[in-house]
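The opening residue of the sequence shown carries number 1 in my numbering; numbering runs sequentially from there.
For every residue, glycine included, the Cβ atom is placed at its ideal position computed from N, Cα and C.
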Amino acid sequence: MATTTDRLIRLVRNEQTTLALLSVLVGLGAAIGCVAFRYLIAGTQLVTWGAATERLASHVADMPWWLILLIPTAGGFVVGLLRRYVAADQRFHGVADVVEATALRGGRITLRDGLVGAAGAALSLGVGGSAGREGPVVHLGAMMASFLSRKFGLRRSAMLTLLGCGVASAVATSFNAPIAGVFFALEVVVGHYGLTAFAPVVLASVVGTIVTRIHYGDFPAFIMTEHVIVSYWEIPAFALLGVLSAVAAWIFMRSIFVVQDAVADWRIPVIVAPATGGLVVGLIAIFLPEILGVGYEATDLALHGSLAFSILLALVLAKTMATAITIGSGFGGGVFSPSLFVGAMLGGAYGLIATSVMPEMASPHTAYAIVGMAAVAGAVLGAPISTILIVFELTANFGLTIAVMIGAALASLITNHVAGRSFFHWSLARRGIDLSGGHERHLLRSQTVTSIMSSYYATLNRDDDFEAVRKGLQDNPVGDFVVVGEDDALVGVVTMEDLKPCLLGQDNPDHHDVAGNLARPVGHALLPQDNLATALLAMEVCDDDFIPVVESLENPRIRGVVTHRALILAHNKALTEAAAQNG
């Protein structure tokens, strides 16, 4: 009979227990990293702008115009130097890279990418770059989780769960929003709501929330009066705002890629591009300083109805342009805060029009600003559930539940149909990375064909005669051969079906190049870097039981073969692992 000590030992050795303990550690580390990141932004602001404040626009409004131009430009030059000489691939990593690491790289994120990305984003935001601070801290939290996972030798599924813990803590710390932190991690990064991941992610999010409340207090980011829907006749108006938010979200995302393409097409050097972008952002800020930095000050003003209609519309356009130039030119930073900003301005402007049509049955126009925030941000992030929760926790307004859900759902649905799931997936697609499909498809994409490739295969030389072929059949009665030429270059394949006419005497076997004549070209040869999802698609259009793997398209030297059986086993393993993670 097992003693209490035995039960405790089994509990400690249980992977779920280990994961729960590590989730607390990751949550604490990610939260401290997020707080340090905010201090780093504040320190940069103090050095460059002379004040460490969330209300940067009010401070900048009293500064001379040439200084507003100089600071983002000079800061952009330093950012360019950091990208050119320190960043691993001359860019700062963010949420899209976390999504890619989760789907394709087993959750592996390097310390260098995480630390350099955080430093670059803090510098970018500190000098006035028009971007968000949430994306960089999400990447920072994920990096910490990935580092600990490797140190403790966790299995892939456990590593991905711990990655979600780092992300949940980062979001919870950034927004003082524990519920949203959990759902953002599960919705955007982990990709499922399985019970095995849920508990550790909740623990990490709670730890992150405790840390942020110790440092900043327990109050929402935007303090405002409670709103309720005055009349359900407003529902069509909220739905139309969701449609307009989808348009705004698409323009917002597309603008960033347009600037990125322009920088690439014009071949602007990595060092110069951010400085050029900083100059343009500075020009905009001379007239509208609200676009600088994270922009929470202006968002707060919109939520309180303190901005005129013309200013609201101007800020929608200016913030979209400034964020596109900031991120597109190479500054670090995320897209969440800017999308909240754009949504609040759009919703506020729309609300002024909507409430003037039927004032007796309309909610305050600031209610539309809240709906616009959730709708635009949800469409950009491709995470309507977590965005709805974030907006609720940011504003402490739950009376607009139906309106926020309608606006966010419609905006996300339309954007998903037109542009894809999210800004992050669109970014990855532009790099040639396809993350469509189920969870098991992601698992297959994370493994290359070399993981199941066999180096044991029968070969024939292209100039082998009939006797050589017959001898080969004695050693390989199945009759599947890879035909090679000089330097083991792939010529084609021969199967028993190809050999039957020759063996039965229907074809003349007297010539000396039987193998070469019978060899069929391989239309779908695989490369070592191809993933298992690619191999599975190739096998679907292949009539043979195996596919050769060659060195490269330029050097078709045979490396091995991938068999139909090995692919089926790998697919079944992926299905089993996906089911385990979802459960």
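Checklist entry - Is Ser-446 closer than 9 Å to Gly-106 when the C-beta atoms are compared? => result yes
Next on the checklist: One question on the structure: do Ala-302 and Ala-369 come within less than 9 Å of each other, judged by their Cβ atoms?
Outcome noted: yes
Checklist entry - Any idea what DSSP makes of Phe-152, helix, strand or coil? => result DSSP places Phe-152 in coil when its eight states are reduced to three.
Checklist entry - What separation, rounded to the nearest whole angstrom, lies between the Cα atoms of Thr-495 and Ala-525? => result Inter-residue distance for Thr-495 and Ala-525 is about 16 Å (C-alpha atoms, whole angstroms).
Next on the checklist: Nearest by alpha-carbon distance to Gly-126: which of Ile-433, Pro-528 and Gly-278 is it?
Outcome noted: Taking the Cα of Gly-126 as reference, the smallest distance to any Cα among Ile-433, Pro-528 and Gly-278 is reached at Gly-278.
Next on the checklist: Please state whether the Cβ-Cβ distance between Val-188 and His-139 is less than 9 Å.
Outcome noted: Contact flag unset, no.
Next on the checklist: Within 9 Å of any Cβ in chain E, is that where the Cβ of Thr-299 sits?
Outcome noted: The chain inventory of the structure shown lacks chain E, comprising one protein chain alone.
Checklist entry - What residue ranges within the stretch 229-267 form continuous alpha helix (DSSP H) runs of no fewer than 4 residues, ordered along the chain? => result 235-265
Item to check | Start and end residues, beta strand (DSSP E) containing Ile-558 | outcome: 558-563
Checklist entry - Is Val-294 helix, strand or coil by DSSP? => result coil
Checklist entry - What do you get for Lys-471, buried or exposed, if any count of 16 or more other CB atoms within 10 angstroms of its CB means buried? => result exposed
Item to check | Member of Tyr-232, Gln-90 and Gly-330 whose CA lies at the smallest distance from the CA of Pro-72 | outcome: Gly-330
Checklist entry - Nearest to Leu-28 by alpha carbon, out of Ala-172, Arg-38, Leu-40 and Ala-96? => result Ala-172
Checklist entry - When the Cβ atoms of the stretch 258-274 are set against those of the stretch 49-64, are three or more pairs found closer than 8 Å? => result no
Checklist entry - Ser-231: buried (16+ other C-beta within 10 angstroms of its C-beta) or exposed? => result exposed
Next on the checklist: I'd like the span of the beta strand (DSSP E) that includes Phe-481, first residue to last.
Outcome noted: 481-484
Checklist entry - When the distance is taken between beta carbons, is Ile-271 closer than 9 Å to Arg-112? => result no
Checklist entry - Which residues bound the alpha helix (DSSP H) around Gly-181? => result 178-184
Next on the checklist: Among Val-207, Ser-130, Ala-248 and Val-491, whose alpha-carbon lies nearest the alpha-carbon of Gly-141?
Outcome noted: Val-207
Next on the checklist: Using only the alpha-carbon positions, how far apart do Gly-43 and Gly-120 sit?
Outcome noted: Their backbone Cα atoms lie some 14 Å apart in a straight line.
Checklist entry - Terminal residues of the continuous beta strand (DSSP E) containing Val-357? => result Taken as a continuous stretch (DSSP letters only), Val-357 belongs to no beta strand (DSSP E), being part of the alpha helix (DSSP H) at 336-357.
Checklist entry - Quick one: Cα of Ala-515 to Cα of Phe-466, how far? => result 8 Å
Next on the checklist: Is it buried or exposed, Ser-422, if we count other Cβ atoms within 10 angstroms and call 16 or more buried?
Outcome noted: buried
Checklist entry - For Pro-384, does the three-state DSSP call read helix, strand or coil? => result helix
Checklist entry - What does DSSP give as the partner residues of Gly-492 in its beta bridges? => result Answer is Val-483, bridged to Gly-492.
Checklist entry - Which partner residues does Gly-132 have in the DSSP bridge list? => result Gly-334
Checklist entry - Hey, out of Val-78, His-564 and Ala-122, whose CA is closest to His-93's CA? => result Ala-122
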